[in-house]
Every structure is written in C-alpha cells, then in structure tokens.
Amino acid sequence: MASNKLTVSDLDFDSIKTNLKTFLQSQSEFQDYNFEGSGFSILLDLLAYNTHYLGFNANMLANEMYLDSADIRKNIVSLAKMLGYTPTSAKAPTASINILVNNASGSSLTMNKGTVFSSTVDGTSYQFVTNAFHTITPSSGVYTFSSIPVYEGTLTTFKYTVNTSDPDQRFIIPSSNADTTTLTVQVQNSSGDTTSSTYTRSTTYTSLDSTSKVYFLQEVEQGKFEVYFGDGVIGQALSDGNIVILEYIVTNKDEANGASTFALSGSIETFSNVSITTVSSAQGGAEPQTKESIRYNAPLQYARQDRAVTTGDYETLVQEIYPNALSVSAWGGEDDETPVYGVVKIAIKAASGSTLTDTTKLSIVNQLKKYNIASVRPEIIDPETTSILLTSNVKYNARTTTKTSDTLQSEIITALTNYNSNTLQKFDSIFRYSKIVELIDDVDTSILSNITTLKIRKTFTPTINSSTRYDVYFRNSLYNPHSGHKADVGGILSSTGFKITGDTTNIYFLDDDGIGNIRRYYLVGAVRTYINNSQGTINYSTGQLTINSLSVSTVENIRGSASTTIELTVQPNSNDVVPVRDQILEIDTANSSITVQADTFVGGSATAGVGYTTTSSY
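Residues in the sequence shown are numbered from 131 upward in steps of one, following this note's numbering.
#1: Hey, out of Val363, Tyr358, Met195 and Gln352, whose CA is closest to Ser340's CA?
#2: Cα-Cα, which of Pro611, Thr284 and Asp370 is closest to Val317?
#3: CA-CA distance, Arg650 and Asp641?
#4: Apply the 10 Å Cβ neighbour rule to Ile146 and answer buried if 16 or more other Cβ atoms are within range, or exposed otherwise.
#5: Extract the residue ranges of the beta strand (DSSP E) inside the segment 263-326, only unbroken runs of 3 or more that lie entirely within it.
#6: Could you spell out the range, first to last residue, of the beta strand (DSSP E) harbouring Gly462?
#7: Among the candidates Asp361, Ser564, Lys525 and Ala692, whose CA atom is the shortest distance from the CA of Thr626?
#8: Below 6 Å CB to CB, which residues in the same chain sit around Asp144 once its five sequence neighbours on both sides are set aside?
#9: Just the Cα atoms here: how many angstroms apart are Thr325 and Thr314?
#10: Tell whether a beta-carbon distance below 8 Å holds between Ile566 and Val524.
#11: Just how far apart, CA to CA, sit Thr725 and Ile302?
#12: Would you check if the distance between the CB atom of Ala210 and the CB atom of Ala428 is smaller than 8 Å?
#13: Since Phe247 and Ser395 should fall inside the 8 Å C-beta cutoff, what is the C-beta to C-beta distance between them, to a whole number of angstroms?
#14: CB-CB under 7 Å to Thr694, same chain, minus the five flanking residues each way: which ones, in chain order?
#15: With 16 as the cutoff for other CB atoms within 10 Å, does Met241 come out buried or exposed?
#16: In whole angstroms, give me the CA-to-CA distance for Asp729 and Pro508.
#17: Determine the burial state of Phe275: buried for a count of at least 16 other Cβ atoms within 10 Å of its Cβ, exposed for fewer.
#18: Strictly by DSSP, which residues pair up with Met212?
#19: Determine which residues share a DSSP beta bridge with Gln413 and list them.
#20: Whose CA, out of Tyr281, Thr254 and Val272, lies closest to the CA of Ala262?
#21: Thinking just about the alpha-carbon of each residue, which of Tyr526, Asn548 and Lys421 is nearest to the one in Thr216?
#22: Please confirm whether Ile717 and Asn610 have their CB atoms less than 8 Å apart.
#23: Roughly how many angstroms lie between the CA atoms of Asn721 and Val344, to the nearest whole one?
#24: Report yes if the C-beta distance between Val251 and Ala389 is below 8 Å; otherwise report no.
#25: Please state whether the Cβ-Cβ distance between Gln727 and Ser535 is less than 8 Å.
#26: Taking only runs of the beta strand (DSSP E) that begin and end inside the segment 674-699, which ones reach a length of at least 3 residues, in chain order?
#27: Report the residue from Ser564, Ile696, Leu520 and Val657 whose alpha carbon sits nearest the alpha carbon of Asp706.
#28: Would Ser704 and Thr521 be called neighbours here (beta carbons separated by less than 8 Å)?
#29: Can you tell me the Cα-Cα spacing of Lys616 and Leu519, whole angstroms?
#30: If you follow the alpha helix (DSSP H) that Gly442 is part of, which residue opens it and which one closes it?
#31: Can you name, in chain order, every residue of its own chain whose Cβ lies under 7 Å from the Cβ of Asn126, other than the five neighbours on each side?
#32: Just the Cα atoms here: how many angstroms apart are Ser457 and Phe557?
#33: Using the beta-carbon count (16 or more within 10 Å), is Thr333 buried or exposed?
#34: Can you tell which of Val654, Ala200, Asn663 and Leu184 has its C-alpha closest to the C-alpha of Ile648?
#35: Alpha carbon to alpha carbon, how far is Val700 from Arg529? Give it in angstroms, no decimals.
#36: Does the beta-carbon of Tyr452 have 16 or more other beta-carbons within 10 angstroms, so that it is buried, or is it exposed?
Below, the structure is given as structure tokens:
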C-alpha cells in the first residue's frame, strides 16, 4: 500500500514536487491522473515553489539567530553587540614625519589640526592630515616638529542639533570609510553659547555615573557608525539645543600604505618653506572588520572580560587595536630560550607593509596597558622568517600534454607562491610536506611524480668589527643520524661568505662537524681550510646555533646582490617544519630548484625502462 503521508524534511524544489506528486498518486481520486500532461503540473510547480520559499526563509531565519551561522552583516553585528563587541571601522594609514620650518620666527610656532600633506603611491596622489594641534619653541633658532603622526584622508566635521522631542533622532557618522579611532566628540551648549565639552568613548559601564561625559559607539546599517550618549543614569544625558560635533578622518583605507615621501600643502602659520624627513612610512590602513573576523573575535572578547590575562587575550586585543594585523602570536617571556619574566611578547605579521614602525608599536603597547594586570609589560617584536628551500625533481608524461617543461615549471612555482600567500606566512601555519608533494602533482594531469627535498634557512645581521656572540634559533630538530655525519663534506650546515677583522684576503664560511661543533673555514680552490674548529655549537635536538666571538668586517654579496646579513642553511630532521612563537615560514621560490623532465619510461617501447634514472630522496 502506497504511503499517504508527505515527507516534510525535503526542502529543495524537485524533491517537494516529487513528494506532492507521490502523495496525490496515492489517493484514489488521482490514481489514473496524468500529472505531467495536464495543467495540474503548473499548480504543483506553484505549490512546490511556495513550499521551497517558505522552507528557505525559515532556514535563513534560524541561521541568522546565531553568531556562528549568521551571514547577513547587520545580524552578525547585532549578535556581537549582545556580547559587548563593537566591530572595528576602516583604518587610515599613519606615517610619522619630522618637519623643519625654514626661515621661521617668533617665540613659538603652531601647526594647526588638519594641516595637509601630500604623498604618492604607485602613481596615485593621496592626502595626509594632522589630527591634533602641535606647538613648538625654537631650539638654537631651529623650528622642528618631531615625530608628527599624519593620517591619510580628509578631516571631516559633522554637526547635529539635539532635539529631545524626537525619539528617533540618531547621531550617525555619514561615511562608511570613517576611521573611528580618529573620532573626537564635542558637545556645544547651544548655538548661542559656544562653550563646549569633550566627550570620551566608553566601552564599560561599571565606573560611570550621571555626570560622566562619555559616548558609546556602535555599527549600524550600511557599515556606518552611530554615536550615542548616556541616559542621565549611566553617562550624562544631552539637553535640548545641544550641538553634537563629530570630527573624524575619512580614509581610502589600505590604498596609501607604504607612502614614504611627503610634501606640505599650504603653510604652517605663514611659513611654507619646510624640509620634511620621514620617520616611518605609512602603514596600518585597513578595511572595516570582516564578518568572519567579527564572528571569531566577539566571543573571545566576551571571554576575556576587558582584561588581558592569557596570551589568547593579548592576541585578540591586538587584532582589535590594529586591524592591519594578518596574524598575531603572543607568549610569556619566560618561555623564550633566554627567559625574561614579567613580559608578554607579541609578534605581529601585518597584512600590508613590512615590519611595524616604532611609532605603531608604541601606540599598540599604550592601548594594551589599560588591560594589563599586575606588573606584566607587553613588548611588540618583529616576526622572524624561516625560509624553506625546495629541491624538486618532477617527472611528466610528454605524450598527454602540449605543455613544455618550462611551462610546467612556471605553473609549479605559481602554485607554490599561492600556497605561500594562502597557507603559510602566518604564525600558526605548519609546513606539511605531504601537502607540497600533492600540490606539485596536482598542478597538471601530465605530472606523474615528484621527488622533493628541503632545507631551511635563517639570517643574522653581524655587528661590524665587533667580537660578538650570535644565537640563531631554528626551533626544529636537525638531521644528525649518527655522530660525525658528513663531517668530511661540511655536515648539514652551510653559510654565505664574510670577512673577519684583520684578514682582508680570505672569505670565510661556516659548517659543522656532525658532533655539535661549528667550524670556520676558507677555500683554497675547492679545498676547505679550517681556521677554527670550535667557532660555536649546533644543537641538533633543539635547532639552536651559537656562534662565539665572531668579528665580521664585511659581508659578501649574496647571489650577486649586496647584503648586510649572513645566511645559515641547515637540513631539518623532519620534512614537516613547525613555526614556534615569533616564527613565520615561507617557501623561498626564487631560490628553490624545480626541475621538470619528461618521463622516458612511458615511451612504450620494450627498452623504455633501460637507463631510466631516479632521484634520491636523501
């Protein structure tokens, strides 16, 4: 007997229509009815579409009720607000400059808020402005503004007149590209009374009373932000006729990151002849916080309750304070190879730009201080890059593709470059060997196999003409299968060249003896002449290299280019490489060796395998 029940769990159109048709066919009135060849089919379509839409809307409604499944931004923002979280706005690139005012006079000199400077990035001009007044007095007749922060964008002012009889009045910043970190809020008494008070942003409520001059901030529709005030119990309430003055910078977000040369547009007081030097290039410009980032960070902020205790708290806070952070790693200073107590170290990988400037680091540290507990001191450090050098011998079937070996090589390098950008170059991204082997094989269907080996490399910058100890941390175990491994050919360590103080003739290099000693040598032809068999130590278990009392006079060119660093290359014990603390891994595609050859075995003849060569994995 056919079922006379509808299956209500099917929500796609075809399943719903089939379900309805099956149900009707089970009824005696429609057993001989031709549903496909009649107008009744259109009615079934309508019923199926209606049911599908209702099911879709119900499903969407359910999804949008929860932070981890919501997709519409305004719903994500609203759910995050319930956790006390406010998304970050667009962020203006910030640079630091020194300004020498030539031919100036007077007892003091004031540079107005909103003073305009111009810069160019990739052929496009951008405007930078000051966000505060700066006053200086001359030193020995020289007028210099030192380390002045300038922000990319336009300084904008917007005013509202308070109307307490309008319950729907809102104070919205009209631009979705406003940088709310530059926002200042003033409340003027009235149009006839220009006395004004500066209100500060508050993110907590516990310390506020009815006289607290604070404002609150929330994201609203279309990515804009709304300023709102207290109700007279928590925070001072506004009065009828008050004028709310919002001043902020509207920015082009990350477009001007990297701006490094600046020119004054206009004058400082009456002086326009200035000399400008850049302390730090523009960085930190960023898009408004993404939906995915809000989803991730809102629960973490709620969990830390406006304080920084764990390293995870610091990582979350830094991403809020500095939206340009692509990846953040925090750890206790006591976990370093040389322990430092009472310090939490934070490494930041910027999404754009290179390492953070001293100005940016100081700004982040100052903002973190209010969340610190006890005497813990945050310290921002630069990431350390560990380069991975690949040697890959790739075989392909020339009979199944029209691509040349050069074309396949280029496509493999492109795939590795994309893997660098999308997977590596973050603090928690492990280099997994099997993924790389698979990645190479999958570049083209004609690729049959690859034998890939790897080495890892770090650099250090010597102090010229100073006998100094250097510690280099690979933080991965190194390959040493037995005592004295490859001692006769230099072990697993190699270096680029350098000269030492007092010897202007010989170019020196470093290797190891397989038993834990670093040796220094120079070449006579192809023969190594060892000068110091105990220049330092190499710990194969921890990956720590210590170079003792090395006085470098000059650093040799590396691959034909001038350098200030010495490269150290070693063979890891595992083909999987793990970044620790401030380490970031990246494949050095430019200096990796990718060889692509047609596979002779697939020629099909009886002698195809004769003389077939394979590549060692070791």
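C-beta: ideal position from N, C-alpha, C; glycine also.
Based on what the coordinates show:
#1: On the sequence shown, position 210 is the one that residue 340 refers to. Checking every option, the nearest Cα to that of Ser340 belongs to Val363.
#2: As a working note, residue 317 is residue 187 in the sequence shown. Measuring from the Cα of Val317, the nearest candidate turns out to be Asp370.
#3: Stepping through the sequence shown from its first residue, residue 650 is reached at position 520. Stepping through the sequence shown from its first residue, residue 641 is reached at position 511. The straight-line gap from Cα to Cα measures roughly 7 Å.
#4: Here residue 146 corresponds to residue number 16 of the sequence shown, with the count starting at 1. With 16 or more other Cβ atoms within 10 Å, it is buried.
#5: 264-266, 273-282, 284-291, 301-303 and 308-318
#6: As a working note, residue 462 is residue 332 in the sequence shown. Run containing Gly462: Ala455 to Gly462, per the beta strand (DSSP E) assignment.
#7: Working through the sequence shown from its first residue, we reach residue 626 at position 496. Checked all of Asp361, Ser564, Lys525 and Ala692; the closest Cα to Thr626 is Ala692.
#8: The residue you call residue 144 lines up with position 14 of the sequence shown. Within the same chain, Asp144 has no close Cβ partners at all.
#9: As a position in the sequence shown, residue 325 is number 195, starting the count at 1. As a position in the sequence shown, residue 314 is number 184, starting the count at 1. Roughly 16 Å separates the two Cα atoms.
#10: Taking the sequence shown and counting its residues from 1, the one referred to as residue 566 is at position 436. Taking the sequence shown and counting its residues from 1, the one referred to as residue 524 is at position 394. No.
#11: Position 595 of the sequence shown, counted from the first residue, corresponds to residue 725. Position 172 of the sequence shown, counted from the first residue, corresponds to residue 302. Approximately 59 Å, taken between the alpha carbons.
#12: Taking the sequence shown and counting its residues from 1, one reaches residue 210 at position 80. Taking the sequence shown and counting its residues from 1, one reaches residue 428 at position 298. Closer than 8 Å, so yes.
#13: As a working mapping, residue 247 is identified with position 117 in the sequence shown. As a working mapping, residue 395 is identified with position 265 in the sequence shown. Rounded, the Cβ-Cβ distance is 6 Å, consistent with contact.
#14: In the sequence shown, residue 694 corresponds to position 564, counting from 1. So the list reads Thr591 and Val685, once near-sequence residues are dropped.
#15: For the purposes of this step, residue 241 is taken as residue 111 along the sequence shown, with counting starting at 1. It counts as buried.
#16: Position 599 of the sequence shown, counting from 1, holds the residue named residue 729. Position 378 of the sequence shown, counting from 1, holds the residue named residue 508. Roughly 56 Å between the two C-alpha positions.
#17: What you label residue 275 is simply residue 145 of the sequence shown in a count that begins at 1. With 16 or more other Cβ atoms within 10 Å, it is buried.
#18: Position 82 of the sequence shown holds residue 212. None; Met212 has no bridge partner.
#19: By 1-based counting over the sequence shown, the position of residue 413 is 283. Per DSSP, Thr224.
#20: As a position in the sequence shown, residue 262 is number 132, starting the count at 1. If we check each option's Cα against that of Ala262, Tyr281 comes out closest.
#21: Start at 1 with the first residue of the sequence shown, and residue 216 comes out as number 86. With distances taken between Cα atoms, Thr216 lies closest to Lys421.
#22: For this step, residue 717 is matched to residue 587 along the sequence shown. For this step, residue 610 is matched to residue 480 along the sequence shown. Result no, Cβ atoms of Ile717 and Asn610 do not sit closer than 8 Å.
#23: Locating residue 721 in the sequence shown gives position 591, counting from the first residue. Locating residue 344 in the sequence shown gives position 214, counting from the first residue. Between Asn721 and Val344, the C-alpha separation is close to 56 Å.
#24: As a position in the sequence shown, residue 251 is number 121, starting the count at 1. As a position in the sequence shown, residue 389 is number 259, starting the count at 1. Closer than 8 Å, so yes.
#25: By 1-based counting over the sequence shown, the position of residue 727 is 597. By 1-based counting over the sequence shown, the position of residue 535 is 405. Going by C-beta atoms, Gln727 is nearer than 8 Å to Ser535.
#26: 674-680 and 682-685
#27: Here the question's residue 706 lines up with position 576 in the sequence shown. The residue with the shortest Cα to Cα distance from Asp706 is Ser564.
#28: Position 574 of the sequence shown, counting from 1, holds the residue named residue 704. Position 391 of the sequence shown, counting from 1, holds the residue named residue 521. No, they are not a contact pair.
#29: For the purposes of this step, residue 616 is taken as residue 486 along the sequence shown, with counting starting at 1. For the purposes of this step, residue 519 is taken as residue 389 along the sequence shown, with counting starting at 1. Rounded to whole angstroms, Lys616 to Leu519 spans 20 Å at the Cα level.
#30: Taking the first residue of the sequence shown as position 1, residue 442 is located at position 312. It spans Thr441 to Ile451 - the alpha helix (DSSP H) in which Gly442 sits, taken as one unbroken run.
#31: Because the chain here runs from 131 to 748, residue 126 falls outside it and cannot be looked at.
#32: On the sequence shown, residue 457 is found 327 positions in, with the first residue counted as 1. On the sequence shown, residue 557 is found 427 positions in, with the first residue counted as 1. The straight-line gap from Cα to Cα measures roughly 6 Å.
#33: As a position in the sequence shown, residue 333 is number 203, starting the count at 1. Under this definition Thr333 is an exposed residue.
#34: For this step, residue 648 is matched to residue 518 along the sequence shown. If we check each option's Cα against that of Ile648, Asn663 comes out closest.
#35: On the sequence shown, residue 529 is found 399 positions in, with the first residue counted as 1. On the sequence shown, residue 700 is found 570 positions in, with the first residue counted as 1. Approximately 39 Å, taken between the alpha carbons.
#36: Taking the sequence shown and counting its residues from 1, the one referred to as residue 452 is at position 322. Answer is buried; the Cβ neighbour count reaches 16.
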